[in-house]
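Undergrad: Residue numbers (this note's numbering): 55 to 136.
Just so you know, even glycine gets a beta-carbon here, dropped at the ideal spot from N, CA and C.
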């Protein structure tokens, strides 16, 4: 499977705003991110892991994978669907 990676945090933010749906992999786990009126993120097909954020900034600061904020992981995630 081909993966895309982000060159920087701004590219990740632009995709969130412009596309609104990103599916990505990080350390063997798949995640689904949706942005409509709020940001919704969860492990793929695991709705019980869903988190909700009012703003992109709140999401970037507060959502963590393995105790690391997503803001710091943006260039390490592997995007497989938009």
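Would you call the CB atoms of residue 134 and residue 84 closer than 9 Å?
TA: Sequence index remark: in the chain shown, residue 134 carries index 80 (1-based). Sequence index remark: in the chain shown, residue 84 carries index 30 (1-based). Contact: yes.
Undergrad: I think residue 103 touches residue 111, with their Cβ atoms under 8 Å apart; what is that distance to the nearest whole Å?
TA: Indexing the chain shown from 1 puts residue 103 at position 49. Indexing the chain shown from 1 puts residue 111 at position 57. About 21 Å separates the two Cβ atoms, so there is no contact after all.
Undergrad: In terms of residues, what are the limits of the alpha helix (DSSP H) holding residue 71?
TA: Position 17 of the chain shown holds residue 71. 63-72 is the span of the alpha helix (DSSP H), which, as asked, contains residue 71.
Undergrad: Please list, in chain order, all residues of the same chain as residue 81 whose beta carbon is under 8 Å from its beta carbon, the five residues on each side excluded.
TA: As a working note, residue 81 is residue 27 in the chain shown. By the criterion of a C-beta distance shorter than 8 Å, residue 81 is surrounded in its chain by 119 and 120, once the five residues flanking it on both sides are discounted.
Undergrad: Quick check: residue 69 and residue 60, are their CB atoms within less than 9 Å of each other?
TA: As a working note, residue 69 is residue 15 in the chain shown. As a working note, residue 60 is residue 6 in the chain shown. Yes, the pair counts as a contact, with Cβ atoms nearer than the cut-off.
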